[in-house]
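Working notes for the structure below.
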Amino acid sequence: MISVQSLSKRYGSQTAVADVSFSCEPGTITGFLGPNGAGKSTTVRMITGLTRPDSGYATVAGLPFTQLRNPARRVGTLLDAAAVHPGRTGRATLRLTADLIGMPPSRADDLLEDVGLPRGAADRRVGTYSLGMRQRLGIAQAMIGEPEVLILDEPANGLDPEGIAWMRTLLRSFAADGGTVLLSSHLLGEVQATVDRLVVVGGGRVVAAGSLDELLSSAGLVLRATDPRALARVLFEAGLPHVVHEDGSTVVDTSAPAASGVDAESIARLAASHGLVLLELRQADRTGIEDLFFSVTRAGGAPAGAGRPAGDMPASPAEVTR
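Residues 1 to 322 in the UniProt record's numbering are what the sequence shown spells out, letter by letter.
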C-alpha cells in the first residue's frame, strides 16, 4: 500500500507540490496523471525518499521509504531507465542487483526471459540497447526483489504496441496477486486500458481522484424540450445546476449537492408539472479520459460528470462547465 498525506514542496518562491494526498491499495493499479510541471515527478521522488518534503509524509508498505529495511525487497521502482551502466550487459546488471538485495542469480535469469530479454539480448552491453529494451530491463530491476509495491514512472516509453500489451498484462497479473502499482504515464489511452484508479494533479495539487469508472462515468442527465428557455427557467427555480448548450440540449449536473436524489423520473415529473414537453431525457454519455484530463487540469477541479476532486469535496454548481 502507498499512503500520501499532505505532501508539499517549494523551491524558493515556486510551489512544486501543494498538500497532495492520495492512497494506492493492494490489488489495484493507480494511474498518476498530470501535465508537465504539475508536480508528478516531485511527488514520486518524495514518495521514494529522493526528495525531502517541506511538510506532509508518505509511507510505502507501512513505512517511510527511507526506513524500509532492504527496500528493493518491498518496493520496486523504475524512475529512469537510462540510469544503468552502459558498459555492463543486461544479465550482469540484473545479477548485480540481485546480489545486492540478497536474491539468487537464477532470479535474474528468469526475469530476463519474462521481460523479453532472452540470452542474445541479455548478454549484450546495455549501451547498445534501444529505449524499449532499457525499459524492459528497468522493469526487471523493479521486480527482481519480488516486491509488494511497484512505482513506475513512464514505463511504456520506447515500447512498441506489443511491448505495451505485454506490460499491461504483467501489471494486471501483479495486481491480481495482491500487489500495489502506482503508474505515471503520459499515454492516456494506455492508462485508461490498464488502471483501476486515477489520481490527476494540476498546478501541484490533486484535482481529481477516484476509481476509473467513477471518474469517467457521467453524473448528468441530458434533456431536450420543445421550449428550452422555459425548461431552463424551471430548472433554475428548482435550484438544479445545469448548462444549456448551443444545440438546444440541457445537461443537469446530478453530482452536485443541490441535485442530490435527482434522477430521470423526478426530472420528468418536474417537467410535466410545469406543462413542459420533453423530447429527450437520458443519461449523459460516458466521459473519455482525454476529456477528463484536459478539463480538470485546465479548470483545477473536477468537471461535471467526471467525479469529484480528491478529498470528496462536493462539486459546486459553479464548477459545472459543460
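Ideal Cβ positions, reconstructed from N, Cα and C, are used throughout, including at glycine.
On the DSSP bridge assignment, give the partners of residue i in chain order.
i           : result
residue 22  : 4
residue 244 : 250
residue 153 : 184
residue 197 : 30 and 211
residue 57  : 5
residue 10  : 15
residue 237 : Beta-bridge pairing links residue 237 to no other residue.
residue 225 : 278
residue 89  : 125
residue 77  : 151
residue 220 : 253
residue 206 : 201
Leaving out five residues on either side along the sequence, give the residues of the same chain with a beta carbon under 6 Å from the beta carbon of residue i.
i           : result
residue 311 : Model confidence at residue 311 stands at a pLDDT of 36, short of 50, so the residue's coordinates are unreliable; what they give is reported in the following sentence. So the list is empty, once near-sequence residues are dropped.
residue 83  : none
residue 225 : 231, 276 and 278
residue 211 : 197
residue 234 : 274
residue 3   : 23 and 59
residue 21  : 4, 5 and 6
residue 12  : none
residue 272 : none
To the nearest angstrom, how far is it from the Cα of residue i to the Cα of residue j?
i           : j           : result
residue 213 : residue 252 : 20 Å
residue 19  : residue 203 : 11 Å
residue 102 : residue 96  : 10 Å
residue 244 : residue 293 : 23 Å
residue 99  : residue 108 : 9 Å
residue 223 : residue 281 : 5 Å
residue 119 : residue 143 : 19 Å
residue 163 : residue 14  : 38 Å
residue 195 : residue 123 : 33 Å
residue 29  : residue 117 : 24 Å
residue 237 : residue 17  : 41 Å
residue 248 : residue 220 : 16 Å
residue 229 : residue 193 : 41 Å
residue 206 : residue 57  : 15 Å
residue 68  : residue 268 : 58 Å
residue 215 : residue 10  : 29 Å
residue 351 : residue 1   : Past the edges of the chain, shown from 1 to 322, lies residue 351, and the structure says nothing about it.
residue 266 : residue 250 : 16 Å
residue 27  : residue 261 : 32 Å
residue 71  : residue 257 : 44 Å
residue 165 : residue 175 : 16 Å
residue 160 : residue 113 : 18 Å
residue 227 : residue 246 : 14 Å
residue 38  : residue 48  : 18 Å
residue 106 : residue 61  : 26 Å
Does residue i have its Cβ less than 9 Å from a Cβ in chain C?
i          : result
residue 72 : In the displayed structure, chain C is absent; only one protein chain is listed.
Based on Cα-Cα distance, which residue from the options lies nearest to residue i?
i           : options              : result
residue 284 : 88, 206, 290 and 263 : 263
residue 91  : 111, 29 and 38       : 111
residue 209 : 57, 296, 267 and 62  : 296
residue 201 : 12, 115, 40 and 154  : 40
residue 5   : 53, 37 and 26        : 53
residue 104 : 65, 87 and 146       : 146
residue 129 : 158, 38 and 154      : 158
residue 50  : 65, 287 and 160      : 65
residue 191 : 8, 178, 172 and 26   : 172
residue 88  : 121, 25 and 71       : 121
residue 186 : 272, 113 and 199     : 199
residue 80  : 266, 156 and 71      : 156
Once you ignore the five residues that flank residue i on each side, which residues in its own chain have a CB closer than 8 Å to its CB?
i           : result
residue 93  : 84, 85, 126, 137 and 141
residue 259 : 240, 241, 252 and 253
residue 188 : 33, 289, 290 and 293
residue 63  : none
residue 139 : 78, 115, 152, 155, 167 and 170
Considering only residues of the same chain and omitting the five flanking positions on each side of residue i, which have a CB-CB separation below 7 Å?
i           : result
residue 8   : 17, 18, 19, 53, 54, 55 and 56
residue 270 : 234 and 238
residue 178 : 26 and 27
residue 131 : 157 and 158
Cβ contact check for the segment 39-46 and the segment 134-144: 3 or more pairs under 8 Å:
no
Evaluate the contact criterion for the segment 73-81 versus the segment 17-37: three or more CB pairs, one atom per stretch, below 8 Å.
no
Counting pairs of beta carbons, one from the segment 176-191 and one from the segment 149-160, are three or more of them closer than 8 Å?
yes
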